[in-house]
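In what follows, a single structure is set out as structure tokens and then discussed.
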Amino acid sequence: MQRHATADIHIRALGPARMILAVAVAHPGREQEQLVVEQAGQRIPTVELTDSYGSRLHECNIDAGEVVIRYSVDVEGLAPVATSDDLDMLTFLRQSRYCESDALHDSAQELFGELEGQPLVLAVREWTAHNIRYEHGSTSTEDGALAVLEAGRGACRDFAHVMIALLRARDIPARYVSVYAPELTPMDFHAVVEAFVDGEWMVVDPTGLAPRQTFLRIATGRDAADAAFMTTIGGPIEMMSVDVTASASPTHVDDPGASVALR
0 MQRHATADIH IRALGPARMI LAVAVAHPGR EQEQLVVEQA GQRIPTVELT
50 DSYGSRLHEC NIDAGEVVIR YSVDVEGLAP VATSDDLDML TFLRQSRYCE
100 SDALHDSAQE LFGELEGQPL VLAVREWTAH NIRYEHGSTS TEDGALAVLE
150 AGRGACRDFA HVMIALLRAR DIPARYVSVY APELTPMDFH AVVEAFVDGE
200 WMVVDPTGLA PRQTFLRIAT GRDAADAAFM TTIGGPIEMM SVDVTASASP
250 THVDDPGASV ALR
């Protein structure tokens, strides 16, 4: 499989700041890529940091003014299957900032009864898809799973938070993954779920907006707080534009009920 992705981000910094980017695909080695950060016509050096899940963060210092971030990658073949240890299982069973699973324990038990394993994961995906309306821009960065459930609408990150919270409430380790998603409409950074079932991480997309077989992993974490494409420390910023593209060859038709690993 051949995949290509780009991200073109323009911001205005209102003061000096540290900027941390999560736009590079995880697990380097199979791809040709370029990341450029520019301000006032000058290239800004970045430092790469990699976590235990393969998320590659790029950190740099910016001054007040406009900043341009350009990323492109060509990937041929598939990444290794994700592995985990006992600490991961604990981490991804606990509730987190945007996935308030403790408060959903009784509801999850009532909704999904005695289901276990992959049938439980698929039932939660189906329930989320039918009970949350996809509406881009309908929630804020402060909204977690409980707020989304109350509103009944949200974007991909909100679908992911709801599904993760419900799975954790039923003792299924679940985590949040940002991806490049070929065939996604409208095109943007995308958020999906990985659930640990039968000793493997299974990728699930409760929005059903793109085929899972073509996803490119960017960042992995407990929720969106761990996988935001940009974080700044110090001066505030204004987001001017974000343009993302992703394509894959060959294309795929996804069966939502099939078990797929994110590679």
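Here numbering that gives the first Met the number 0 is used: position 128 in the sequence shown is 127, and no number is missing along the way. Ideal placement from N, C-alpha and C gives every residue a C-beta, glycine not left out.
Cβ pair residue i, residue j closer than 8 Å
{"i": "V72", "j": "V24", "result": "yes"}
{"i": "R11", "j": "M239", "result": "yes"}
{"i": "V301", "j": "M201", "result": "In the structure displayed, the chain extends from 0 to 262; residue 301 sits before or after that span and is not available."}
{"i": "L103", "j": "A190", "result": "no"}
{"i": "T219", "j": "G53", "result": "yes"}
{"i": "R216", "j": "V176", "result": "yes"}
{"i": "A78", "j": "H26", "result": "yes"}
Buried/exposed call for residue i, threshold 16 Cβ in 10 Å
{"i": "I171", "result": "buried"}
{"i": "G143", "result": "buried"}
{"i": "A159", "result": "buried"}
{"i": "H129", "result": "exposed"}
{"i": "D225", "result": "buried"}
{"i": "P205", "result": "buried"}
{"i": "A257", "result": "exposed"}
{"i": "L20", "result": "buried"}
{"i": "D85", "result": "exposed"}
{"i": "E99", "result": "buried"}
{"i": "T127", "result": "buried"}
{"i": "L300", "result": "Nothing can be reported for residue 300, as the shown portion of the chain is limited to 0 through 262."}
Cβ distance (whole Å) where residue i is taken to contact residue j below 8 Å
{"i": "R167", "j": "F111", "result": "Not confirmed; about 13 Å, so no contact."}
{"i": "R2", "j": "V74", "result": "5 Å"}
{"i": "A6", "j": "V243", "result": "5 Å"}
{"i": "E182", "j": "P210", "result": "6 Å"}
{"i": "D197", "j": "G64", "result": "Contact flag wrong, Cβ pair sits at about 51 Å."}
{"i": "T45", "j": "C59", "result": "4 Å"}
{"i": "F228", "j": "R174", "result": "That belief does not hold up - the Cβ atoms of F228 and R174 are roughly 17 Å apart, past 8 Å."}
{"i": "Y133", "j": "A154", "result": "7 Å"}
{"i": "T184", "j": "L208", "result": "7 Å"}
CA-to-CA distance, residue j to residue i, given in whole angstroms
{"i": "A307", "j": "A39", "result": "Missing from the structure shown is residue 307; the chain here goes from 0 to 262 and no further."}
{"i": "E263", "j": "T213", "result": "Not covered by the structure: residue 263. The range shown for the chain is 0 to 262."}
{"i": "I131", "j": "A245", "result": "25 Å"}
{"i": "I61", "j": "A223", "result": "23 Å"}
{"i": "M0", "j": "D105", "result": "43 Å"}
{"i": "G136", "j": "D157", "result": "11 Å"}
{"i": "R296", "j": "S51", "result": "The structure shown does not extend to residue 296, since the chain is modelled only from 0 to 262, so the question has no answer here."}
{"i": "R93", "j": "D101", "result": "8 Å"}
{"i": "R266", "j": "E125", "result": "There is no way to answer for residue 266, as the model of the chain reaches only from 0 to 262."}
{"i": "E113", "j": "L89", "result": "22 Å"}
Residue closest to residue i, alpha-carbon to alpha-carbon, out of the options
{"i": "G233", "options": "G14, I8, P249", "result": "G14"}
{"i": "E141", "options": "I61, P249, P255, S95", "result": "S95"}
{"i": "S83", "options": "E199, V241, D101", "result": "E199"}
{"i": "V36", "options": "E113, E30, I8", "result": "I8"}
{"i": "E30", "options": "E47, Q41, A4, M186", "result": "A4"}
{"i": "L56", "options": "T231, V123, A146, L145", "result": "T231"}
{"i": "V123", "options": "T250, V203, V241", "result": "V203"}
{"i": "V259", "options": "P235, R42, V192, P249", "result": "V192"}
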